[in-house]
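S.K.: If you're matching them up, the sequences are chains B and Y in order.
Per my numbering, the first sequence starts with residue 1, numbered consecutively.
Per my numbering, the second sequence starts with residue 1001, numbered consecutively.
Ideal Cβ positions, reconstructed from N, Cα and C, are used throughout, including at glycine.
Here the structure is a predicted model, which is why all the values come from computation and not from measurement.
One structure is given below, represented as structure tokens, and several questions about it will come after.
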Amino acid sequence: GAGVSQSPRYKVAKRGQDVALRCDPISGHVSLFWYQQALGQGPEFLTYFQNEAQLDKSGLPSDRFFAERPEGSVSTLKIQRTQQEDSAVYLCASSHPTGSVQYFGPGTRLTVT
Amino acid sequence: DQQVKQNSPSLSVQEGRISILNCDYTNSMFDYFLWYKKYPAEGPTFLISISSIKDKNEDGRFTVFLNKSAKHLSLHIVPSQPGDSAVYFCAATEGGSQGNLIFGKGTKLSVKP
Chain B
1 GAGVSQSPRY KVAKRGQDVA LRCDPISGHV SLFWYQQALG QGPEFLTYFQ NEAQLDKSGL
61 PSDRFFAERP EGSVSTLKIQ RTQQEDSAVY LCASSHPTGS VQYFGPGTRL TVT
Chain Y
1001 DQQVKQNSPS LSVQEGRISI LNCDYTNSMF DYFLWYKKYP AEGPTFLISI SSIKDKNEDG
1061 RFTVFLNKSA KHLSLHIVPS QPGDSAVYFC AATEGGSQGN LIFGKGTKLS VKP
């Protein structure tokens, strides 16, 4: 595809359930980022991959959050034992190896009830 | 403490006039600045960027100005069009293609016909 795609677009989870969010970056983009956007806020950094290596996970809010990119393309963000405060839009972005511009997907809106 | 600040939550402009969106930052290590536009239920879309070695970058109706001494940047849209109505996010990074973006909270622009 031409852009970054994410699935599902919407996810409702009961508190305590595990969720998995998928990101397909732009072909050829080795850098992949995950952000969390709460209502009325700007996106906040969660984690960064270069190919399959997770080089920065300093933004992950707790050990319930886990991200992987095993083959250096598709990435999955997993949240275990979801809490109400996890409700947010989760955005994935990718960038060209030599560029600073990040291109975002449409996001997954997670609602924890 | 917020490193990137957009102090105006909203701005209303008449069609055909100039829109000026402002952004302030505190981290002097930021070396690249970006503006993104976001429509509801979509991911942020890259608009324009500027490197810290420049003080102006222009792309069609959009111009970004950077004042490093004041740690301030602004986005000018001339002439404004109703389709420009969206939330605009200012973002900054200090790591080039490997740096995560630090976002402001956004400014909602409304362009009235």
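Work out the CA separation of Q54(B) and R69(B) for me, nearest whole Å.
M.R.: Going from the Cα of R69(B) to the Cα of Q54(B) covers about 8 Å.
S.K.: Please list the segments of the beta strand (DSSP E) lying wholly inside the segment 28-80 of chain B, counting only runs of 3 or more residues, in order along the chain.
M.R.: For the segment 28-80 of chain B, whole beta strand (DSSP E) runs of length 3 or above, ordered along the chain, are 31-37, 44-50, 53-56, 65-68, 75-79.
S.K.: Give the residues of chain B in contact with K1105(Y), contact being defined as C-beta atoms less than 8 Å apart.
M.R.: Chain B residues near K1105(Y): G40, Q41, G42.
S.K.: Name, in chain order, the residues that DSSP records as bridge partners for A1008(Y).
M.R.: Reading off the sequence shown, one finds Ser at residue 1008(Y), where the question assumed Ala. Its beta-bridge partners do not exist; DSSP assigns none.
S.K.: In chain Y, which residues lie less than 9 Å from P106(B) when you measure between Cβ atoms?
M.R.: By Cβ distance, chain Y contributes A1041, E1042, G1043.
S.K.: On the DSSP letters alone, give me the boundaries of the beta strand (DSSP E) that T1093(Y) sits inside.
M.R.: Taken as a continuous stretch (DSSP letters only), the beta strand (DSSP E) holding T1093(Y) covers 1086-1093.
S.K.: Between the segment 42-59 of chain B and chain Y, which residues of the former have a C-beta closer than 8 Å to a C-beta of the latter?
M.R.: Answer in chain order: G42, P43, E44, F45, Y48, Q50, L55, D56, G59.
S.K.: Would a check of beta-carbon distances place L21(B) closer than 8 Å to chain Y?
M.R.: No, no contact with chain Y.
S.K.: Looking at C-alpha atoms only, which residue of I1048(Y), S1010(Y), E1015(Y), Y1025(Y) is the closest neighbour of F1094(Y)?
M.R.: The residue asked about is misnamed: residue 1094(Y) is Glu in this sequence, not Phe. Of I1048(Y), S1010(Y), E1015(Y), Y1025(Y), the residue nearest in Cα terms is Y1025(Y).
S.K.: Going by DSSP, what residue range makes up the beta strand (DSSP E) through D86(B)?
M.R.: Run containing D86(B): none; DSSP gives neither H nor E here.
S.K.: Cβ of F1062(Y) less than 8 Å from any chain B Cβ?
M.R.: Answer no: the Cβ-Cβ gap between F1062(Y) and chain B never drops below 8 Å.
S.K.: Let's test the definition: count the other Cβ atoms within 10 Å of the Cβ of F1053(Y) and tell me whether it reaches 16, buried, or not, exposed.
M.R.: Reading the sequence as shown, one finds Ile at residue 1053(Y) and not Phe. Label assigned to I1053(Y): exposed.
S.K.: Measure how close the beta-carbons of A1086(Y) and L1101(Y) come, nearest whole angstrom, since I'm counting them as under 8 Å.
M.R.: The pair is not a contact, with the Cβ atoms about 18 Å apart (cut-off 8 Å).
S.K.: Quick check on the DSSP output: the beta strand (DSSP E) that includes H1076(Y) runs from which residue to which?
M.R.: Unbroken beta strand (DSSP E) run through H1076(Y): 1072-1077.
S.K.: Scan the segment 71-104 of chain B for residues whose Cβ lies nearer than 9 Å to a Cβ of chain Y and list them as they occur along the chain.
M.R.: Cβ contacts with chain Y come from V89, L91, C92, A93, S95, H96, P97, T98, G99, S100, V101, Q102, Y103, F104.
S.K.: Assuming the contact rule is C-beta atoms closer than 8 Å, S31(B) and Q50(B) should be a hit. Round their C-beta distance to whole Å, please.
M.R.: So it is a contact: roughly 6 Å between Cβ atoms.
S.K.: Per DSSP, Q6(B) forms a beta bridge with which residues?
M.R.: DSSP output for Q6(B) lists C23(B) as bridge partner(s).
S.K.: Using only CA atoms, which one of V101(B), G105(B), V89(B), P97(B) lies nearest to E44(B)?
M.R.: When each option's Cα is compared against that of E44(B), the closest is V89(B).
S.K.: Whose CA, out of K14(B), P106(B), E52(B), L110(B), lies closest to the CA of E1042(Y)?
M.R.: Nearest option by C-alpha distance: P106(B).
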